[in-house]
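Engineer:
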Amino acid sequence: MHPLQFLFLLLKMVNQSFKDYIVNLSNPYFLHSNENPTLILVSPPLNGNNYYSWSRAMKLDLQSKNKLKFIDKSLTQQSLVILVGHMMLSWLQHSIDESIVKSILWIDKAVETWIDLHDRYS
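Letter by letter, the sequence shown follows residues -19 to -1, 1 to 103 of mature numbering (1 follows the signal peptide of the UniProt record, and there is no 0).
1. Go to S76, then tell me how far its alpha helix (DSSP H) extends in each direction, as first and last residue.
2. List the endpoints of the continuous alpha helix (DSSP H) containing Y32.
3. With a Cβ-Cβ cutoff of 8 Å, do T94 and L70 count as a contact?
4. Among the candidates Q74, S34, K40, whose CA atom is the shortest distance from the CA of T19?
5. Classify L12 as helix, strand or coil using the three-state DSSP reduction.
6. Cα separation between L43 and V65?
7. Roughly how many angstroms lie between the CA atoms of N47 and N30, to the nearest whole one?
8. Would you identify the three-state DSSP class for L27, choosing helix, strand or coil?
9. How many Å lie between W72 and L86 at the Cα?
10. Suppose you measure from the CA of R101 to the CA of V82; what does that come to, to the nearest Å?
11. Distance cutoff 8 Å, beta carbons only. Does H67 sit that close to anything in chain B?
12. Whose C-alpha, out of A38, L27, H67, I88, is nearest the C-alpha of Y10?
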């Protein structure tokens, strides 16, 4: 196979994969147009005393959006899409009391944030 043919096929595969993220609702990386970083998924926010009810509400909401895999370690694909990972972090941060958010602000992964909150408040 000529190198240019190989490159063309590779680009075609990448393009198809990218389109799958955009239109396939069952893809964990899919983001609906209404989903944005400031979206508050659950109320009231985690305040340190309501971990179990907050955790249950967050899990239900994330599962309904096919995003639970980002916090329960079941997502096995190595190269996570950064955009969706940051969206997950933002959703978590916007559902937590301001006094707690300051302590998790620099955690880079949703799963690490979730484990930290679980260890502290469960």
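All C-beta atoms, glycine included, are put in the ideal place defined by N, C-alpha and C.
Structural biologist: In brief:
1. From DSSP, S76 is part of no alpha helix (DSSP H); its letter is neither H nor E.
2. For Y32, the enclosing alpha helix (DSSP H) stretches over residues 32 to 45.
3. yes
4. Q74
5. Residue state, collapsed to three classes: coil.
6. 12 Å
7. The alpha-carbon atoms of N47 and N30 are separated by roughly 27 Å.
8. strand
9. 12 Å
10. 13 Å
11. Of the protein chains in the structure, only one exists, and it is not chain B.
12. H67
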